[in-house]
Each structure stands twice: as structure tokens, then as C-alpha cells.
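Structure, as C-alpha cells:
Residue numbers (my numbering): 75 to 212.
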């Protein structure tokens, strides 16, 4: 049976690299929220028929740093006018140059990104209430 365990220092460095990648562009990174099926891999193109519902912008830097393998992003200003109407299911995180960093789930509970609502309405506000990335202990 495979056995792989890392130190807390390594956990923090791994999750900190995500912040470094988001902040690598010339300005703040972005969070693009979509409907439909999340691609199997963050390197994949957007699936056909996927709709951009909202786009929010990170602070720069995007987070104060990692602790215990957890990166908690700084407060993110709401998108005051959603791009389209639909049910938010996932998000793509990009640096300011448009390079994809990762994809993740969104929801109103038990998701990587917690939204005020997954029922997005064109022109309405979209707010992220919590956004953390965790590298598990072990």
C-alpha cells in the first residue's frame, strides 16, 4: 500500500504556491463563475455551452499567507452586476494575464468557494462569503 506523508512546512509551501501563481500576473487575479459541468482537468478548455455568470477580482496580493496547510483568501469585492442568469456550479481561477491556475466547486455550503447564492441573476450581485484552499495533513 502506498504511503505518503508531508510536513506542515511543505503543506504551507504547496498551498502558498497557489497564491504565488494567482498573484503572478501584472495585476490581481480573477474568479470566473460558470454554470454546467466542470471540466475534468483545469488544463481543459471550457465545455461547449458553458456560460460565464459572474467575474470577481482578487485583492493583490490575494491572501495574507498560509497556515496549517490552509490558504484563506482576503475579502473579495462582489460582482455588483452578474454577466448572465444561471445556476453557479464551478469557478475557474486565473492570474491577471488570463492563465488558468485551478478550477473548483462553488456552493452555499461545503464547497471551496461559498457564495451568497448559486441562483445567479443577470445584473444582480454575486458575493463570495468564504474561499479557502486546503492541502490535507499527513
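Ideal placement from N, C-alpha and C gives every residue a C-beta, glycine not left out.
The model shown is predicted, which means the values in this text are computed figures rather than measured ones.
Asked	Found
Buried or exposed, going by whether 16 or more other CB atoms sit within 10 Å of the CB of residue 205?	buried
What are the uninterrupted segments assigned as beta strand (DSSP E) that are 3 or more residues long and contained completely in the region 78–103, given in chain order?	none
Determine the DSSP secondary structure at residue 205, reduced to helix, strand or coil.	strand
Starting from the Cα of residue 195, find the closest Cα among 165, 108, 166, 96 and give me that residue.	108
Mapping DSSP to helix, strand and coil, what is residue 163?	coil
Looking only at C-alpha atoms, which of 102, 80, 79, 77 sits nearest to residue 175?	102
Would you call residue 76 buried or exposed, if buried means 16 or more other Cβ atoms sit within 10 Å of its Cβ?	exposed
Are residue 105 and residue 130 touching if we call contact CB-CB under 7 Å?	yes
In three-state terms, what does DSSP make of residue 111?	coil
Would you mind sorting residue 97 into buried or exposed? The rule is 16 or more other CB atoms within 10 Å of its CB.	buried
Determine the burial state of residue 153: buried for a count of at least 16 other Cβ atoms within 10 Å of its Cβ, exposed for fewer.	buried
Answer with buried or exposed for residue 197, where buried requires no fewer than 16 other C-beta atoms within 10 angstroms of its C-beta.	exposed
Do residue 91 and residue 177 have their beta-carbon atoms positioned less than 7 Å apart in this structure?	no
If we ignore side chains and look at the alpha-carbon of each, how far apart do residue 212 and residue 81 end up?	7 Å
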